[in-house]
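Report on the following structure.
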Amino acid sequence: SQASRRPATANELATLASTGRTPSELRRRIAHLLGEPMHEPLGLTRGTIIAAAVVLLGMSTFLLTSAETADDESQETAQAEPTFSFGGKVEEVTIGTQDEEPQQWWDAEGQVLASPSFTWEKSGNVSADSMIQRRVAFRVDDLPEDAQVLWTIDVASAFATGRATTSEPRPNSQYFARSFGLSNDARTFNIRIGVATGPWKTAAQMDAASNSSLGSHDLSLTCSGAVLTEQGTMAVISHNDSDHNIRIVAVDKQGNLHDSRTRGQVGAGKITQMTLLFPDQLPDDIDHFEFQTRDYEWVEINDLPLHPKDDDNATNIPARTLQFPEDRAIGAVLSRPAADSGFGFEDDPWDGWQELSLAQGVVSIPAGQHVQLNVSRAASADLTPLADLPPDAIESLSLKETDVTDDGLKHIAHLTGLRFLNLDNTRITDKALAHLKNLHQLQTLYLSAYDVFLEGYGVGDEGMKTIAQLPALENVGLRRTKITDGGLDALAECETLQGLDLDETAVTDAGLVPLLKLPQLRGLTLRFYYGFNDPGITDAALLTLRQMQTLRYLDLHGVPITNDGLQQLAGLTKLKRLSINNTQVTGEGLVHLANMQKLEHLYFYDRIDDETVKNVSRLKGLKNLSCNLEVSDKGVAELSTLPLLEQLSLSSPTVTDASMKLIAGMPGLRTLWFQHCPITDRGLSILRNNSNIEHLMIRGTEATTASLRSLMTLPNLKSLDLSLESTEETPQWEDLRWFSHLERLELSGSTFRSADLTHLQGLTQLGLLSLELDQPIDDAGITSLAPLINLTGLGIYKSHVSDEGLKSLSNMTKLERLNV
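Per our numbering, numbering through the sequence shown is continuous, rising by one, with the last residue being 823.
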């Protein structure tokens with residue numbers, strides 16, 4: 004068979020040699036071509052791997068010639084072709100938004116697609132406001148029948164299952180799909196796809212008659228032996244092999260192989276435990292078990308775009324230079340990729356900016372970048388340097404909390420490329436807004452006067468006539484300005500307006516009526532804070548708001564609305580976010596929200612008990628609930644019916660271990676807080692192997708350090724906040740060493756001591772560590788923290804640390820915040 008494969012193998016190896024792949028990648032591909040695993044000795048280089056393949060196949064001249072003559076173009080082509088040696092290909096990589104409206108899809112080049120070639124069937128969501136949330140799907144063609152596919156998303160920090168289907172499936176093809184989340188500063192992502200196929204290799208044999216264990220430098224196994232059950236013979240096997248496709252087979256006394264059925268699989272750290280069933284075999288029939296593996300053949304698809312290409316040719320912005328005064332800096336210049344840059348209502352104007360330079364002298368801007376200029380307060384009194392900038396020099400300008408004057412804004416009147424302008428907390432009046440009339444691309448304008456209002460500053464109704472004429476305006480911030488109902492009448496002429504912030508203004512119920520003319524209004528904020536002034540908004544305003552069917556975000560914090568008033572909003576069934584904090588609405592009034600099945604975020608700081616929680620449990624789209632939950636186990640049972648709920652904070656003495664099974668079964672739960680609940684170690688053990696929970700707080704419960712053995716099995720736990728005030732004589736904090744995947748750890752209370760810090764030395768992924776302990780940390784304790792070199796924040800709130808002890812932190816080069 005090898006002889007028949009040699010011509011094709013020779014061509015494939017020549018291609019591999021020219022790609023510049025890593026030794027590991029070459030080794031895996033060559034091994035597949037040879038039909039057997041090939042182990043890579045230490046120090047093996049790309050060249051020696053190629054030479055080894057030459058010896059094996061007797062084609063040294065052809066292979067070396069191909070390797071030596073490969074040029075850059077062939078390298079790029081090979082990287083771009085996600086093809087496997089068995090002929091399979093990765094096709095149609097498609098990226099999409101998660102739950103944004105409207106849904107968008109684009110291809111691997113960032114080109115927007117009218118619709119994908121598949122139907123997305125949502126089965127899970129990633130949710131965190133601090134993340135970019137995306138979906139990805141791709142198809143692998145020409146898969147062998149015995150193929151097993153494994154794939155990963157590089158640098159993704161959250162995952163949820165997804166499913167892509169098609170009405171016209173291709174033979175030997177399969178779609179793979181997933182939702183995922185990345186940090187907001189990410190611009191691209193990589194996927195790595197592995198396919199295992201072909202013959203199996205026996206890596207180890209295990210005794211079927213009794214418990215056994217074996218280990219080498221790279222493989223460790225434990226086996227329970229064969230155990231008779233009602234369904235057949237069962238075996239439990241633990242291993243540390245995460246690099247291969249694995250199967251466990253039973254070999255009977257005649258030498259026949261019997262494959263297993265997996266009944267369950269759990270993981271903790273690098274260890275995987277498999278529960279296997281052999282339904283047709285009795286324990287006495289089995290001679291031994293074999294641990295068999297196949298190598299994955301991997302391809303990588305890199306630099307996939309997290310955003311579609313800008314239809315306005317934003318990515319084609321050429322490199323440019325900006326000239327500022329040579330003798331002084333007037334602020335800071337920041338940039339971010341134009342392809343990922345948005346300035347409208349649904350966009351985050353703060354995200355992704357990186358400081359490029361001080362605004363002094365000549366500043367070079369790379370191609371494809373948007374520019375933001377943050378003017379310093381010292382420079383704001385004289386903005387004449389801005390008059391020399393080209394009209395399209397910058398897209399974003401911040402004069403927030405500076406001393407800019409009405410007259411000073413004339414120097415930005417020509418900057419017609421501006422899309423974002425921040426004039427918050429400046430001492431300007433309506434006269435200043437006349438200088439903005441030619442900013443025809445401006446999408447977001449912040450004019451709030453939250454601090455200077457008491458000095459008599461803030462724009463008013465006359466200025467609204469000017470900004471209403473801006474043809475691209477989507478988002479306006481007017482908190483604590485002088486705007487009245489007359490100003491809203493003028494703003495209602497701005498048909499592009501989508502977001503409006505009217506916090507703590509003098510608008511009244513009647514003033515909201517003209518806003519009904521805004522065809523795209525999606526967000527309206529009418530917050531009032533205690534002690535500022537009396538709100539002019541009452542229940543009567545809700546008769547107007549109920550007609551705004553385009554609303555998705557509504558904030559009525561501090562507005563004196565009642566349960567009867569809230570009833571008027573029952574028809575706003577497309578609301579996604581609602582804040583009714585500090586109103587006169589009670590838990591009983593929440594019954595009027597029952598039809599808001601798309602509501603994801605509810606802010607209601609009043610009391611919710613076992614009876615009124617039923618009104619919340621009807622909101623099946625709810626993800627985040629911010630309220631004062633005073634429920635018992637009965638109330639938790641109601642909350643457990645919310646399939647998408649991501650955050651649950653419980654602080655009631657009537658929430659017990661009886662609720663834990665329901666809590667563990669909540670499929671969307673990511674953040675779980677227990678404060679002053681009588682939860683015990685036994686209750687927490689029910690959370691074992693829960694793959695959903697990412698953030699966990701346990702304070703003031705009856706749990707002891709024994710619970711760490713359960714919590715260490717949470718594979719996706721990133722943040723842990725512990726205060727175990729138990730009376731156990733010898734707390735066993737050493738199990739903290741198994742939490743190596745944690746990114747944030749907060750410890751408080753009396754049972755953790757300075758000497759226990761040695762158990763944290765292996766937690767090298769920690770970015771934040773907070774120690775608010777009753778017992779002070781000493782020099783020996785703080786020295787134990789030296790291996791935590793990835794810390795960006797460290798808080799030690801009681802210590803006897805000396806200067807000498809602090810020296811042990813000198814290798815923490817990423818540390819940004821230190822509190823000792």
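Where a beta carbon is used, it is the ideal one built from N, C-alpha and C, also for glycine.
Quantities reported herein were computed from a predicted structural model and do not represent experimental measurements.
Inter-residue spacing [alpha-carbon to alpha-carbon] between L714 and L675:
12 Å
Just tell me which of A706, S694, N693 and I666 has its CA closest to the CA of R685.
A706
Taking contact to mean at least 3 C-beta pairs separated by less than 8 Å, is the segment 330-348 in contact with the segment 440-451?
yes
Segment limits, alpha helix (DSSP H) that includes E641
D636 to L642
Do you know how far the Cα of E94 is from the Cα of T576?
39 Å
For the segment 640-648 against the segment 621-629, do three or more pairs of beta-carbon atoms, one drawn from each stretch, fall closer than 8 Å, so that the two count as touching?
yes
Among G752, T97, G371 and T387, nearest to Q778 - alpha-carbon criterion
G752
With a threshold of 9 Å between beta-carbons, can T659 be considered close to chain D, or not?
As a matter of chain content, chain D is missing from the structure shown, which is built from one protein chain.
Over what stretch of residues does the alpha helix (DSSP H) that includes V616 continue unbroken?
V616 to S620
Mind checking L231: buried by the 16 CB within 10 Å criterion, or exposed?
exposed
State the DSSP-derived secondary structure class of T155, mapped to helix, strand or coil.
strand
State the CB to CB distance for the pair R181 and G165, rounded to an integer number of angstroms; the pair is presumed to be in contact (CB under 8 Å).
5 Å
Among S802, V374, D406 and A238, which one has its Cα closest to the Cα of S263?
A238
What does the alpha-carbon distance come out to for the pair L500 and D636?
46 Å
Following the continuous alpha helix (DSSP H) through A493, name the residue where it begins and the one where it ends.
D488 to L494
What does the alpha-carbon distance come out to for the pair L776 and L418?
55 Å
C-alpha gap between S367 and H679, whole angstroms
57 Å
I need the straight-line Cα distance from D613 to T589, nearest angstrom please.
14 Å
Give the secondary structure of R482 by DSSP, where H, G and I count as helix, E and B as strand, and everything else as coil.
coil
Need the endpoints of the beta strand (DSSP E) that A161 sits in, please.
A161 to T168
Kindly indicate the opening and closing residues of the beta strand (DSSP E) around T191.
T191 to A199
State buried or exposed for S338, treating a residue as buried only when at least 16 other CB atoms are found within 10 Å of its CB.
buried
So, under 8 Å CB-CB, D542 and T511 are touching, yes? Tell me the CB distance rounded to an integer number of Å.
Not confirmed; about 13 Å, so no contact.
Straight-line Cα distance separating L766 from H839
Nothing about residue 839 can be read from this structure; the chain reaches only from 4 to 823.
Measuring only the C-alpha atoms, how far is A597 from E591?
12 Å
Which same chain residues end up closer than 6 Å to L812 when comparing Cβ atoms and leaving out the 5 residues on each side of it in sequence?
none
If you drop the 5 nearest sequence neighbours on each side, which residues of the same chain put their C-beta closer than 6 Å to that of S652?
W676
Extract the residue ranges of the beta strand (DSSP E) inside the segment 628-709, only unbroken runs of 3 or more that lie entirely within it.
650-653, 674-678 and 698-702
Among K403, T429 and K434, whose alpha-carbon lies nearest the alpha-carbon of A416?
K434
Best match in G668, L725, N584 and F607 for proximity to L699 [C-alpha to C-alpha]
L725
Return helix, strand or coil for Q357, following the three-state DSSP convention.
strand
Between the beta-carbon of L491 and the beta-carbon of L518, is there less than 9 Å?
yes
Give the straight-line distance between the Cα atoms of G671 and N128, rounded to the nearest whole angstrom.
8 Å
Neighbour-count burial assignment, D506, 16 or more Cβ in a 10 Å radius
buried
In this structure, does DSSP put Q268 in helix, strand or coil?
strand
Provide the residue span of the beta strand (DSSP E) that contains I289, from first to last.
I289 to D298
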